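Q: Numbering-wise (our numbering), the sequence shown opens with residue 6 and increments by one.
Don't be surprised by glycine CBs; every beta carbon is placed ideally from N, CA and C.
This structure is a prediction, so every number in the text was calculated from the model and none was measured.
Structure incoming, see below.
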Amino acid sequence: MKKEIKKYPEKNDTIDAVNEPFALYLSSNTTLNFMNTFISGFTTPIYKLTSFEKMKLLNVGINKQSLEQFKAKVQLDYDKLAQALSVTRATLINKKANEIYSENVSEKIVALSDLYSYGYEVFEDVEKFNSWMFVPNQSLGGIKPFEIVDNQFGREEIKNLLGRIEYGIYS
């Protein structure tokens, strides 16, 4: 079987990480539309970035256009997305396409994108992971993963659960 070779971005290419959170790869001299940064010398999925690298992503912030693409990818309406980000619906809607969200909101968007990025890699299927987020999970005490995605500790618990799934531990 012939393995498909991924083409990584060239200098001055634009990647939209929100649209493809599971396929976000950074390379040197890459300009990111969603998570603007310059990370030299390697390529890596977003959920594997260090905390310092993610802080660099927040320096520019996240614009509404990128959030719209993320929203479509994860199949959430504004009400659900606002719930997941612990912000009001108006906060998300009342921006123009290129307007940047506050640092606080941008950080929440990056954290949620990070979680979805990891989930997509573990499940290897966008639709299955999106559905899994809304199914009660015995390992979470019967709670749907999406119900606890609105804070850092809930996202950590979901990531731990995804880690167990990734390594084949009954979860």
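If A102 and K69 are in contact, beta carbons under 8 Å, what's the gap, nearest whole angstrom?
A: 5 Å
Q: Grab the span of the alpha helix (DSSP H) containing F139 for me, first residue to last.
A: Careful: F139 lies outside any alpha helix (DSSP H) and carries neither H nor E.
Q: In terms of residue numbering, what span does the alpha helix (DSSP H) encompassing S57 cover?
A: According to the sequence as given, residue 57 is Phe; it is not Ser. It spans 56-63 - the alpha helix (DSSP H) in which F57 sits, taken as one unbroken run.
Q: Taking its Cβ as the centre, do 16 or more other Cβ atoms sit within 10 Å of A89, making it buried, or is it exposed?
A: buried
Q: Can you tell me whether DSSP reads I67 as helix, strand or coil?
A: coil
Q: Closer than 8 Å is the cut-off here; do at least three beta carbon pairs connect the segment 114-128 with the segment 163-170?
A: yes
Q: Where do the N-terminal and C-terminal ends of the alpha helix (DSSP H) with S118 fall, by residue?
A: 108-128
Q: Just curious, the alpha helix (DSSP H) that D155 is in, first and last residue?
A: It is not in any alpha helix (DSSP H) - D155 carries neither H nor E in the DSSP assignment.
Q: Please go through the same chain and pick out, in chain order, the residues whose beta-carbon is closer than 6 Å to the beta-carbon of Y52, but skip the five residues on each side of it.
A: D119, S122, Y123
Q: Measure from the alpha carbon of I67 to the alpha carbon of each residue in G173, S111, F134, then state which is nearest.
A: S111
Q: Grab me the residues of L86's own chain with a C-beta within less than 7 Å of its C-beta, minus the 5 sequence neighbours each way, in chain order.
A: K76, L97
Q: Go ahead and pull the three-state DSSP assignment for V51.
A: Reading the sequence as shown, one finds Ile at residue 51 and not Val. Residue state, collapsed to three classes: helix.
Q: With DSSP collapsed to three states, give me the class of I170.
A: helix
Q: When you compare each of L63, F134, F57 to K78 by their alpha carbons, which one comes out closest?
A: F134
Q: How long is the line joining the alpha carbons of G146 and W137, rounded to whole angstroms?
A: 15 Å
Q: Helix, strand or coil, according to DSSP, for K164 in the structure here?
A: helix
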